[in-house]
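> Can you read through this structure? Questions will come right after.
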Amino acid sequence: MRLSTLFTKTSKEAPKDELSVNARLLMQAGFIDKLTAGVYTYLPLGLRVLNKIANIIREEINKVGGQEILMPSLTPKSIWETTGRWASFDALFRLAGVDNKEYALGATHEEVVVPLAKQHVFSYKDLPVYIYQIQDKFRNEKRAKSGILRGREFIMKDLYSFHVNEEDLDEYYKTMQKVYFKIFARCGLLDKTYLTFAAGGSFAKYSHEFQTITPAGEDEIYICDGCKIAVNAEILGELGNKCPNCGNQKLQPEKAIEVGNIFKLGTKYSEPFGFAYFDEAGNKRPVIMGCYGIGLGRVLGTVAEVSHDESGLRWPKEIAPLAVHLVTLNSPDIEADNKIKLASEKIYRELEASGIEVLFDDREGETSTGEKFADADLIGCPIRLVVSERTLEQDSVEVKKRGEEKKELVKLSHVTSNM
Ligand code: ATP
Ligand code: MG
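So the sequence shown is numbered by the numbering used here: it starts at 924 and just counts up by one.
Here's what the structure looks like:
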């Protein structure tokens, strides 16, 4: 990808009307654009990160049997009336269609997935089954001041699991805890992410949130560092202010962002839709459900919050928009400049040919060295390569990791094998 033809440009300054760190940085660097409060466009760089997060999620969930589908966002009032949520879901965007029909924009998809699953699951032989999607959700959120951490339109992975009994759900629920940690580890959030006990609703005593510690967080959690477990402030009292794992009473309060959550739903949604199966003895039994969410934009925004410095973003390797930022420093001497261009074009081709994604700053003319370096830091690819007259004197390129001061020269012939 060439910076000279990239659709977006970076800005010299962060947007003035934006308070959150994630949106300020991501907008300045050209990853996202704000249309209105809580509604964002993903631009080429941002979409690359988002797609990488999506693929990590797909890979990990497919490994444990998840099957991907795509449900609609436009949903009829009737299904929401079946569960009573047409009246009770405050944040639901309700709209009128033709013929006095009413609709809601999907805020979550239990009401769609349960009648869907009912058409394909009849007996114990059809269970368990795990269905998920990665899709836009709409919520009329009151506070939309946290950039992409809290959108009114946002992308969620929502997985729904269907089981014959509670034991089977419990087992899958534990599997999903491990899967979530794998996903957050690959997104670079493992160190700061805590399995957090939260109020569970009617079926289970607790639900679990995956909370990432950062001052930008809207939630307050109490962490037990020994166990790497936390408790949401809202249920702390219920647990007698101690760690549910080891009993430690010195829990530390922290601000955190909920990047994902998992719920045991039991029969909360299967019952209103009459979703049952025949067991081995031929008896009809209600299907037991779990649901599991991750906000993809929220994960992206959380990484921006926890992984940046005063110069810009610092992407973890697996979700970086591109692995390498290749900078060409032009020379006023025509002959030297030609050499620099040839050498950088060659490196660009070689890296791409070996499957390494490169953001190639091939801009000429007005763009100064300082601006090129500032953009490399702002965009935040993990490795910066510089080709200049000075590096070519030694048949080399300069290699520097984002966030480190150390620079080293690597021979042109060794660049690809060094990445
Ligand atoms: P919160 O308490 O932050 O409002 P929630 O309890 O409403 O979250 P769910 O409805 O279970 O969350 O959604 C699943 C996941 O989707 C959340 O864990 C979060 O990562 C993400 N999410 C929820 N609401 C938003 C939003 N408005 N913008 C971006 N991501 C969101
Ligand atoms: Mg919410």
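Note that beta-carbon positions come from the ideal geometry of N, C-alpha and C, so glycine has one too.
Predicted model only: the values in this text are computed from it and were never measured.
Count the other CB atoms, across all protein chains shown, that sit within 10 Å of the CB of residue 1134; report buried if there are 16 or more and exposed otherwise.
That one is buried.
> Thinking just about the alpha-carbon of each residue, which of 987, 1164 and 952 is nearest to the one in residue 1083?
Residue 1083 has its Cα closest to that of 987, out of 987, 1164 and 952.
> Please classify residue 1051: is it buried, with 16 or more other beta-carbons within 10 angstroms of its beta-carbon, or exposed?
With 16 or more Cβ atoms within 10 Å of its Cβ, residue 1051 is classed as buried.
> Give me whichever residues DSSP pairs with residue 1116 in a beta bridge.
Per DSSP, 1135.
> How about residue 1079: is its Cβ closer than 7 Å to a heavy atom in ligand 1?
Yes; taking the cut-off as 7 Å, the Cβ of residue 1079 has a heavy atom of ligand 1 nearer than that.
> Between residue 925 and the rest of its own chain, which residues show a CB-CB distance below 6 Å, the 5 nearest in sequence each way excluded?
For residue 925, where only same-chain residues beyond five positions count, the Cβ hits under 6 Å are 1283 and 1285.
> Check residue 950 in the structure and name its three-state DSSP category.
Reduced to three states, the DSSP call for residue 950 is helix.
> How long is the line joining the alpha carbons of residue 1324 and residue 1302, rounded to whole angstroms?
Answer to the nearest angstrom: the Cα atoms are 13 Å apart.
> In chain order, which continuous runs of the alpha helix (DSSP H) of length 4 or greater are located wholly inside the region 1179 to 1247?
Within the region 1179 to 1247, the complete alpha helix (DSSP H) runs of at least 4 residues are 1219 to 1229.
> Could you please give the first and the last residue of the uninterrupted beta strand (DSSP E) stretch that includes residue 1143?
Here the beta strand (DSSP E) through residue 1143 covers 1142 to 1147.
> For ligand 1, is there any heavy atom lying closer than 7 Å to the beta carbon of residue 1184?
Yes, ligand 1 has a heavy atom inside 7 Å of this Cβ.
> How many Å lie between residue 1205 and residue 999 at the Cα?
Cα-Cα distance, rounded: 34 Å.
> Alpha carbon to alpha carbon, what distance is there between residue 1087 and residue 927?
Cα to Cα, residue 927 sits roughly 57 Å from residue 1087.
> Kindly examine ligand 1 and report whether one of its heavy atoms sits closer than 7 Å to the Cβ of residue 1217.
Yes, since a heavy atom of ligand 1 falls inside the 7 Å radius drawn around the Cβ of residue 1217.
> Given residue 1277, which residues of its chain have a CB within under 7 Å of its CB, disregarding the five upstream and five downstream residues?
Only 1339 meet the Cβ criterion.
> Measure the Cβ-Cβ separation of residue 1224 and residue 1023 and say whether it is below 8 Å.
Taking 8 Å as the Cβ cut-off, residue 1224 and residue 1023 do not qualify as a contacting pair.
> What does residue 1081 pair with, by DSSP beta-bridge criteria?
Its beta-bridge partners are 1056 and 1216.
> When the Cα atoms are used, what is the spatial distance from residue 1012 to residue 1049?
Their backbone Cα atoms lie some 31 Å apart in a straight line.
> Is it buried or exposed for residue 1110, if we count other Cβ within 10 angstroms and need 16 for buried?
It is buried - the Cβ of residue 1110 has at least 16 other Cβ atoms within 10 Å.
> Per DSSP, residue 1155 forms a beta bridge with which residues?
Residue 1155 pairs with 1144.
> Flag this pair as yes or no: are the beta carbons of residue 1219 and residue 1079 separated by less than 8 Å?
Yes, Cβ-Cβ distance for residue 1219 and residue 1079 is below 8 Å.
> Ligand 1 heavy atoms versus the CB of residue 1287: any closer than 7 Å?
Outside the cutoff, so no.
> What do you get for residue 1253, buried or exposed, if any count of 16 or more other CB atoms within 10 angstroms of its CB means buried?
Buried, since its Cβ has 16 or more Cβ neighbours within 10 Å.
> Taking the C-alpha atoms as reference points, what is the distance between residue 1187 and residue 1216?
Cα to Cα, residue 1187 sits roughly 12 Å from residue 1216.
> Using the beta-carbon count (16 or more within 10 Å), is residue 985 buried or exposed?
Exposed.
> With a cut-off of 8 Å, do at least 3 Cβ pairs link the region 1173 to 1184 to the region 1136 to 1144?
Yes, they touch.
> Alpha carbons only, please: which of 1262, 1311, 954 and 1211 is nearest the one belonging to residue 1250?
Closest by alpha carbon: 1311.
> Count the other C-beta atoms from every protein chain shown that fall within 10 angstroms of the C-beta of residue 990, then say buried if there are 16 or more, exposed otherwise.
Exposed is the call here.
> Are the CB atoms of residue 1270 and residue 1308 within a distance shorter than 8 Å?
Against a cut-off of 8 Å, the Cβ pair of residue 1270 and residue 1308 comes out as a contact.
> In terms of alpha-carbon separation, which member of 1273, 1297, 1295 and 1292 lies closest to residue 904?
The chain is shown only over 924 to 1342; residue 904 falls outside these bounds and no answer can be derived.
> Within the continuous beta strand (DSSP E) that includes residue 1319, where are the two ends?
Residues 1319 to 1324.
> Quick check on the burial criterion: 16 or more other C-beta atoms within 10 angstroms. Buried or exposed for residue 1236?
Residue 1236 should be labelled buried.
> Just verifying my parser: in three-state terms, what is the DSSP assignment at residue 1109?
Looking at residue 1109 - three-state DSSP - the assignment turns out to be helix.
> Given a cut-off of 8 Å, decide if residue 1335 and residue 1263 are closer than it, judged by their beta-carbon atoms.
Against a cut-off of 8 Å, the Cβ pair of residue 1335 and residue 1263 comes out as no contact.
> Quick one, are the C-beta atoms of residue 1244 and residue 1226 less than 8 Å apart?
Not in contact: residue 1244 and residue 1226 (Cβ atoms no closer than 8 Å).
> Is it the case that the region 1022 to 1038 contacts the region 1183 to 1200, given that we only count it when at least three CB pairs across the two stretches are under 8 Å?
Contact between the region 1183 to 1200 and the region 1022 to 1038 is present, because at least three Cβ pairs lie under 8 Å.
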